[in-house]
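The sequence shown runs 164 to 490 under my numbering.
Here is the structure we will look at.
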Amino acid sequence: MRAAVWTGYGGPEVVEVRKVDVPEPRDREILVRVRAAGVSAGDTEIRSLKIPLGLGLPMRFYAGLIKPKRISILGSELSGDVEAVGKDVTQFVPGDAVIASTSTNFGGHAEYICLPEAGVIAKKPENIGYREAAVVPMGGINALHFMELAKIEPGQHVMIYGGSGSIGSFAIQLAVKYGATVHAVGGPGSLDILRSIGASEVYDYTKHDFTANGVIYDVIFDAVGKLPFSKAMKALKEDGTFLDANPTWGKIFRGKAVSVFSNKKVLYNLADESPDELRRLCSFIEEGTVTPVIDRTYTLEEIQEAHRYVEQRQKIGNVVINMEATA
Numbered sequence: 164m165r166a167a168v169w170t171g172y173g174g175p176e177v178v179e180v181r182k183v184d185v186p187e188p189r190d191r192e193i194l195v196r197v198r199a200a201g202v203s204a205g206d207t208e209i210r211s212l213k214i215p216l217g218l219g220l221p222m223r224f225y226a227g228l229i230k231p232k233r234i235s236i237l238g239s240e241l242s243g244d245v246e247a248v249g250k251d252v253t254q255f256v257p258g259d260a261v262i263a264s265t266s267t268n269f270g271g272h273a274e275y276i277c278l279p280e281a282g283v284i285a286k287k288p289e290n291i292g293y294r295e296a297a298v299v300p301m302g303g304i305n306a307l308h309f310m311e312l313a314k315i316e317p318g319q320h321v322m323i324y325g326g327s328g329s330i331g332s333f334a335i336q337l338a339v340k341y342g343a344t345v346h347a348v349g350g351p352g353s354l355d356i357l358r359s360i361g362a363s364e365v366y367d368y369t370k371h372d373f374t375a376n377g378v379i380y381d382v383i384f385d386a387v388g389k390l391p392f393s394k395a396m397k398a399l400k401e402d403g404t405f406l407d408a409n410p411t412w413g414k415i416f417r418g419k420a421v422s423v424f425s426n427k428k429v430l431y432n433l434a435d436e437s438p439d440e441l442r443r444l445c446s447f448i449e450e451g452t453v454t455p456v457i458d459r460t461y462t463l464e465e466i467q468e469a470h471r472y473v474e475q476r477q478k479i480g481n482v483v484i485n486m487e488a489t490a
């Protein structure tokens, strides 16, 4: 089978398409023929080791000290069809169309992958294609996690900072579903899309400071970790909630102090992926209240170009690898 093999720490050129053996499912595993897979900022950060301070050495110990060994194929979200099942598998049968997250085990950028039946896997909604389905797990589960932490109530005002990213684009739609009036900040090319998925007011981060609009928000969610903490506190109600998907250590310490000495809540809890969360997202997609946003689609042979594009931090929604297409 074809796979995008991660050969070393560095630029996109360290990811090479090679022929590797098709894995065989063990007991309680399913073999999935991958139809599409997402390329996320997490893939590019781990590949290059451009990750938060203090995590570089632990990541080397996890993936490989000198070069990747434990993990040889990146990609942590995918969609495809169950090709075969191992002994004692009861939830899936060959032919099932599925969505899956592989989390820190990666492996999604290949034509086949074995996954534990008990993993973060769900049946693919019939009203979306494989490309859209492939990018539901990471952005969707994280957005669901943070929007539920916020305990959004109908009529509240919610700001999504970084609304044009994978997490942010899902968060906008979920906040609208929960009855909020949603404002969003995104890149200059994303504003029409942000409006189309539910944001009533949109701001171009290169031109506008949303805190100058005079709105005080019940909930502010920084989906990209780029909103200065002082600006978030300025625009947050006295009993409001601020959430950050990618905080710095400085934000974490300041957030703890604010939570202790004021009525404002500052939350950084990371998402704990589960099959139940993925199934809930799929039910929202089936009812038509949430839909994945796709920016660009590449072939597996164009994997290096996909990495370069994601690293520019200008994508709108998600970037996908179509495993069935060739360059």
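Built from N, CA and C at the ideal position, the CB exists for glycine as well.
*8 Å Cβ shell around C445 - same chain, five flanking residues per side excluded*: By one-based count along the sequence shown, residue 445 stands at place 282. Closer than 8 Å at Cβ, skipping near neighbours: I262, A285, K286, K287, P288 and V299.
*Would you mind working out which of A260, V283 and G258 sits nearest F269, comparing C-alpha positions?*
Residue 269 sits at position 106 when you count from the first residue of the sequence shown. Nearest C-alpha to F269: V283.
*Should I383 go down as buried or exposed, given a rule of 16 or more other Cβ atoms within 10 Å for buried?*
Position 220 of the sequence shown holds residue 383. Classification for I383: buried.
*Buried or exposed (CB count within 10 angstroms, at least 16 for buried), F447*: Stepping through the sequence shown from its first residue, residue 447 is reached at position 284. So F447 ends up on the buried side.
*asked:* Which residue marks the beginning of the beta strand (DSSP E) containing P279, and which one marks its end?
replied: For the purposes of this step, residue 279 is identified with residue 116 of the sequence shown, where counting begins at 1. Y275 to P279 is the extent of the beta strand (DSSP E) around P279.
*Of the residues G271, M310 and M301, the one placed nearest L430, counting alpha carbons only*: In the sequence shown, counting from the first residue as 1, residue 430 sits at position 267. Of G271, M310 and M301, the residue nearest in Cα terms is M310.
*Closest by CA to I193, which one among E401, G243 and P455?*
Counting from one through the sequence shown, the residue named residue 193 turns up at place 30. Taking only the C-alpha atoms, the option nearest I193 is G243.
*asked:* Let me make sure I understand the geometry here. Which of A200, K182, I315 and A247 has the alpha-carbon closest to that of E295?
replied: Indexing the sequence shown from 1 puts residue 295 at position 132. Checked all of A200, K182, I315 and A247; the closest Cα to E295 is A200.
*Does the Cβ of E436 have 16 or more other Cβ atoms within 10 Å, making it buried, or fewer, making it exposed?*
For the purposes of this step, residue 436 is identified with residue 273 of the sequence shown, where counting begins at 1. It counts as buried.
*Anyone know if the C-beta pair for G328 and V387 falls short of 8 Å?*
Taking the first residue of the sequence shown as 1, we reach residue 328 at position 165. Taking the first residue of the sequence shown as 1, we reach residue 387 at position 224. Yes. Within cutoff.
_Residues near E208 in its chain [Cβ-Cβ closer than 8 Å; skip 5 each side]_ = To locate residue 208, count along the sequence shown from 1; it is residue 45. So the list reads I214, once near-sequence residues are dropped.
*What are the start and end residues of each continuous beta strand (DSSP E) run of 3 or more residues lying completely inside the segment 378-466, in chain order?*
380-385, 399-407, 428-430 and 457-462
_Whole angstroms are fine: how far does the CA of Y366 sit from the CA of D372?_
Residue mapping note: residue 372 aligns to position 209 of the sequence shown, counting from 1. Residue mapping note: residue 366 aligns to position 203 of the sequence shown, counting from 1. Going by the C-alpha atoms only, they are around 8 Å apart.
*In chain order, what residues of the same chain lie with their CB nearer than 6 Å to the CB of T265, ignoring the 5 residues before and after it?*
Along the sequence shown, one-based indexing puts residue 265 at 102. S239 and G271.
*Are G302 and I330 touching if we call contact CB-CB under 8 Å?*
As a working note, residue 302 is residue 139 in the sequence shown. As a working note, residue 330 is residue 167 in the sequence shown. Yes.
*Where P279 and G205 are concerned, what is the direct C-alpha to C-alpha distance, given to the nearest angstrom?*
On the sequence shown, position 116 is the one that residue 279 refers to. On the sequence shown, position 42 is the one that residue 205 refers to. Going by the C-alpha atoms only, they are around 22 Å apart.
_Taking 8 Å as the threshold (C-beta atoms), are R210 and L237 in contact?_
Locating residue 237 in the sequence shown gives position 74, counting from the first residue. Locating residue 210 in the sequence shown gives position 47, counting from the first residue. Yes, they are a contact pair.
*asked:* Can you give me the C-alpha to C-alpha distance between H346 and E364, rounded to a whole angstrom?
replied: The sequence position of residue 346 within the sequence shown is 183, counting from 1. The sequence position of residue 364 within the sequence shown is 201, counting from 1. Taking the straight line from one Cα to the other gives about 5 Å.
*Just the C-alpha distance for I415 and G227, rounded to the nearest angstrom, thanks.*
Start at 1 with the first residue of the sequence shown, and residue 415 comes out as number 252. Start at 1 with the first residue of the sequence shown, and residue 227 comes out as number 64. If I take the Cα positions, the gap works out to 29 Å.
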